[in-house]
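Numbering (the working numbering), first residue to last: 49 to 357.
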Ligand code: DGY
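Pasting the structure below:
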């Protein structure tokens, strides 16, 4: 707000929950700039309701809630917040991996519910991370940051993405695999790909059936990359051993959902980038993008740079 006020009149949705759609459509009617969250659908309907809109700035790196081509067509730059959240989100993904593979949820529940008896040599046996094979689906900034963490655990790292990343292979010692080979060979799979038409439902029944029955699945990208019903089946039928999820489909995931009740599934509520420092940096970066656009300059972090022709 401090950065935006000197360049514009600012109205801010005052509540700590997503702005209702009707209110958003109403409020954008005269707006030239929009500072939004990943919970706001920036689509044709919104653009039609906002004839003066000249800049959209989202406080997130993922912009799957934004119709980028519609914005580009209207000449509207869309800002986002890459880089500043990479390491924090990689920490979360790695934390979920450790917690799910080593069965922290079941251990915590035993303690909370008074089931912690004498030390039992066969209780809550999990799977090792050190010395195991990690598969990373989507070797972008966060994927590479996870690979760096895995090196500290002496893990062998496989990756899959649209095209091979030779510099990353040289720098990080990661090995390319086809999607199927990665699923079959990995002891643990971390999903960090962005959500688009090619990755929607990527981790489906067929993919889960290819994984090892001892494998862990972590999703820190977007919930819709994993087919929720298929994951429930995989976790309850022993196709895979455990899952750690920062994102789900739907979101928020109701506490009554079958997935949440599964003891081998650990779910946290989309907190991948949630540290004081990182959220502050994201807020500042999003403001920086909007201020630049409102001053008629190029956004420093633009998700549709082709808009500048
Ligand atoms: C993003 O930035 O896309 C995350 O999901 C929230 O940090």
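Ideal placement from N, C-alpha and C gives every residue a C-beta, glycine not left out. Predicted model only: the values in this text are computed from it and were never measured.
In the displayed model, residue 142 falls within a helix according to three-state DSSP. Per the C-alpha coordinates, the member of 260, 299, 253, 258 positioned closest to residue 277 is 253. Rounded to the nearest whole angstrom, the CA to CA distance from residue 203 to residue 144 is 16 Å. Excluding five sequence positions before and after residue 172, the CB atoms of its chain that fall closer than 7 Å to its own CB belong to 151, 154, 155, given in chain order. Closest in alpha carbon position to residue 142, among 308, 109, 217, 198, is 198.
Inter-segment contact for the stretch 66-77 and the stretch 316-324 is absent: fewer than three beta-carbon pairs are separated by less than 8 Å. Spanning the alpha carbons of residue 179 and residue 267 requires a straight line of approximately 21 Å.
Taking non-hydrogen atoms of the ligand DGY into account, the C-beta of residue 140 is found less than 7 Å away from none of them.
Cα atoms of residue 270 and residue 301: separation of roughly 13 Å, rounded to the nearest angstrom.
For residue 181, the enclosing beta strand (DSSP E) starts and ends at 181-185. Proximity of the beta carbon of residue 109 to the ligand DGY is indicated: a heavy atom of the ligand is located closer than 7 Å. In this structure, residue 95 lies away from residue 86, with their beta-carbon atoms at least 8 Å apart. With the rule of 3 Cβ pairs closer than 8 Å, the stretch 324-331 does not count as touching the stretch 286-304. Counting only residues of its own chain and dropping the five nearest sequence neighbours on each side, residue 256 has a CB closer than 7 Å to the CB of 278, 279, 282, 287, 288. With a threshold of 7 Å, the Cβ atom of residue 248 does not count as near the ligand DGY, since no heavy atom of the ligand is closer than that.
According to DSSP, residue 208 shares a beta bridge with 185. A Cβ-Cβ separation of about 19 Å leaves residue 129 out of contact with residue 343 under the 8 Å criterion. Taking residue 338 as reference, the option from 239, 297, 68, 82 with the minimal CA-CA separation is 82. The Cβ atoms of residue 205 and residue 195 lie closer than 8 Å to each other. Annotation: residue 350 is outside any beta strand (DSSP E) and is labelled neither H nor E by DSSP. Listed in chain order, the non-local C-beta contacts of residue 250 below 6 Å within the same chain comprise 273, local neighbours out to five positions each way being set aside.
Between the alpha carbons of residue 295 and residue 98 lies a gap of roughly 30 Å.
In this chain, the alpha helix (DSSP H) harbouring residue 337 covers 324-342. Restricting attention to alpha helix (DSSP H) runs no shorter than 4 residues, the stretch 122-167 encloses them at 134-149, 152-160, ordered along the chain. For residue 264, the enclosing beta strand (DSSP E) starts and ends at 264-267. Relative to the ligand DGY, residue 320 has its C-beta within less than 7 Å of a heavy atom. Distances from the alpha-carbon of residue 80 to those of 67, 70, 55, 71 put 55 closest. In this model, residue 201 and residue 123 are separated by some 46 Å (Cα to Cα).
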